[in-house]
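Take 44 as the starting number for the sequence shown in this note's numbering and just add one per residue.
So the structure is just underneath, and the comments pick up after that.
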Amino acid sequence: MAKNTSSEKKSEKKQGNKIVKWFKDLRIEFKKVVWPTKKTVVNNTSVVLGVIVASAILVGLLDQGFLALLRLVYNAG
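Structure (structure tokens):
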């Protein structure tokens, strides 16, 4: 079994230091984030849900309209 050389040990140590540094930098960046308030989150969620419901209704109405149009075309022929 081969022993680790000093350069391999340094390489492993650098890898470990990079991971630790990455987590430290990540923690620093998270502290810079301006998190929204609960009121803002609730408001934005309500707007998104409203748009989804309105879009679903619009698509449903268009679907029913096109279906009625196709029935007229096929029954007329």
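Every residue gets a Cβ at the ideal spot worked out from N, C-alpha and C, and that includes glycine.
Since the structure is predicted, the reported quantities are computational estimates derived from the model, not experimental observations.
| query | result |
| --- | --- |
| Where Val77 sits in the DSSP three-state scheme | coil |
| Cα-Cα separation, Gly134 to Thr83 | Residue 134 is absent from the model: the chain starts at 44 and stops at 120. |
| CA-to-CA distance, Val85 to Ile62, given in whole angstroms | 36 angstroms |
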